[in-house]
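One structure is given here, and the rest of the page talks about it.
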Amino acid sequence: MTTKLPHTWKRKTNQLKMEAYAIYLSYKDPRVPWYAKILIVCVIGYAFSPIDKFLNSIPIIGYLDHLIFVPLGVVLAFKKMIPSQVLTDCRQKARIAMNPKNSTNWVQGSIIILIWFLFASLIIVCTKWAMKDWNLVLGSGSGGSHE
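811 is the number of the first residue of the sequence shown in this note's numbering; add one for each residue after it.
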């Protein structure tokens, strides 16, 4: 039982990656209506936004978020608004693209890691700069005497 669990998780993760890529491809497909594209952007943006992380810190609302809001958006956007033929075509394209023989995932992964590294470096530099300015505002010397 315990040896099947990691295999099942890996299979589910790969399936989820393929579905996410299929949704991305369907977003770019001209046969998808504009209102479905807007809903796709909203659902994906909400699922990965800081608002989602904030709601996860509140126990009941975090569970409702993952059990109701995100799946409802997924069902509305992906099952009802995207034409079934488009979704089938995009799933097939995603399956082909996710095939390890056709993939250059290490290049894409390296680029993403580099972008995140640059973003993190920028945040660190900006934070240090802001803290330096904040110390100038508060005064870096020992307070107590005002002239």
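Idealized CB from N, CA, C, for every residue including glycine.
- By the Cβ neighbour-count rule, I833 is buried, with 16 or more other Cβ atoms within 10 Å of its own.
- In the displayed model, I868 falls within coil according to three-state DSSP, outside both helix and strand.
- In this structure, V885 and S836 do not form a Cβ contact; the two beta carbons are roughly 14 Å apart against a cut-off of 8 Å.
- For M891, the three-state secondary structure derived from DSSP is helix.
- V851 counts as exposed, since fewer than 16 other C-beta atoms from the protein chains shown sit within 10 angstroms of its C-beta.
- DSSP, reduced to helix, strand and coil, places M908 outside both helices and strands of the structure shown, so it counts as coil.
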